[in-house]
Amino acid sequence: MGSSFLQGEGGVVLRRMSRIEDFEPLFALYESAFPPAERRGWSAFQEIFYRENAEFWRLEQGGMVHGFLNTWRFSECLYGEHFAVWPASRGRRIGEYALRCLLRVEALPFLVEVEPPTDSITQRRKAFYERLGLQVVSTAYWQPAYEPGGERVQLYLMSNDGGLRGVRLQRALHSVAKEVYCNANLKEMLEEYRVQ
């Protein structure tokens with residue numbers, strides 16, 4: 489998908505960011521929405537922003553920026569790495585409309601990591617993706633570290649393609665691990681990882 493602008497329901501617009509300066513005002517949201525083990529520092533973020541298969545979308549409504557979504561385009565899937573809406577904009581379906589719009593025009597299976605549903609917040613996040621047609625495709629996934637020596641995080645994988653399992657999922661995760669995460673332990677991670 490080469491579009492730089494997508495129009496969704498409720499007046500929500502996804503606008504592709506083309507310069508790192510476009511993301512600077514959203515970096516505080518990125519840092520507050522994700523714990524350190526689930527995100528990069530600013531310098532590492534700058535390094536990946538211009539990669540050919542990385543896409544950064546601003547969520548807009550009524551001329552205001554309400555959040556962001558970053559995705560990675562691989563031959564096997566569109567991987568949703570980070571998705572956040574400013575706290576003041578939550579509860580207005582902006583995130584739902586934005587993601588529904590993206591899923592409507594995207595031909596590739598959409599793959600995301602979500603925290604296991606252990607409390608009301610993580611249960612709501614999982615339910616959010618389920619309302620959009622995603623289902624759990626693996627509960628035995630460990631997110632690789634973002635930095636050498638960093639910690640891995642146990643997460644669920646969800647997709648709008650229930651057939652994205654087994655070998656297909658392993659191929660997709662190989663691309664994700666190789667491009668998105670720290671490559672220091674890639675071989676070890678891929679050898680020990682088994683999709684269940």
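Be aware that the sequence shown starts at 489, since it is given in our numbering, and climbs by one per residue. Just so you know, even glycine gets a beta-carbon here, dropped at the ideal spot from N, CA and C. If you're wondering where the values come from, they're calculated on a predicted model, not measured in any experiment.
_Per-residue DSSP class, three states only, for Ser531_ = helix
*asked:* Would the region 616 to 623 count as touching the region 496 to 506 if we require 3 or more Cβ pairs under 8 angstroms?
replied: no
*Between Arg539, Phe556 and Leu622, which lies nearest to Glu601 when the distance is taken from Cα to Cα?*
Leu622
_Other residues of its chain near Gln684: CB distance less than 8 angstroms, five sequence neighbours each side excluded_ = Residue placement at Gln684 is flagged as unreliable, the pLDDT there being 47, under the threshold of 50; a coordinate-derived value is accordingly withheld.
_Runs of 3 residues minimum, wholly inside the region 576 to 652: which ones carry the beta strand (DSSP E) assignment?_
598 to 602, 623 to 631 and 641 to 647
_Contact check, Trp560 vs Val655, beta carbons under 8 angstroms_ = no
*How about Leu652 and Leu599: do their beta carbons lie closer than 8 angstroms?*
yes
*In whole angstroms, what separates the C-alpha of Val691 from that of Leu517?*
Residue 691 lies beyond the range of the chain shown here (489 to 684); nothing can be said about it.
*Using DSSP with H/G/I as helix, E/B as strand and the rest coil, what is Phe544?*
strand
*Near Arg578, what residues of its chain come up, given a Cβ to Cβ distance below 6 angstroms and the 5 sequence neighbours on each side ignored?*
none
*asked:* I believe Leu557 touches Gly568 by the beta-carbon criterion, under 8 angstroms. Please report the beta-carbon distance rounded to the nearest angstrom.
replied: 7 angstroms
*Classify Gly555 as helix, strand or coil using the three-state DSSP reduction.*
strand
*State the Cα-Cα distance for the pair Gly583 and Leu547, rounded to the nearest angstrom.*
8 angstroms
*Would DSSP call Gly568 helix, strand or coil?*
strand
_I believe Gly496 touches Ala595 by the beta-carbon criterion, under 8 angstroms. Please report the beta-carbon distance rounded to the nearest angstrom._
Rounded, the Cβ-Cβ distance is 17 angstroms, inconsistent with contact.
*Please state whether DSSP places Gln684 in a helix, a strand or coil.*
Any answer about Gln684 is weak, because its pLDDT of 47 lies below 50 and its placement is not dependable; what the coordinates show is given next. Coil at Gln684, not helix or strand.
*Supposed close pair Ser663, Glu564 - CB separation, criterion 8 angstroms*: 6 angstroms
*asked:* Helix, strand or coil, according to DSSP, for Arg503 in the structure here?
replied: strand
*Out of Leu590, Gly638, Leu643 and Ser647, state which residue places its alpha-carbon closest to the alpha-carbon of Glu543.*
Leu590
*asked:* If contacts are defined as beta-carbon pairs under 8 angstroms, then Glu603 and Ala525 qualify, I think. What distance do you get, rounded to the angstrom?
replied: Actually they do not touch by this definition, with Cβ atoms about 11 angstroms apart.
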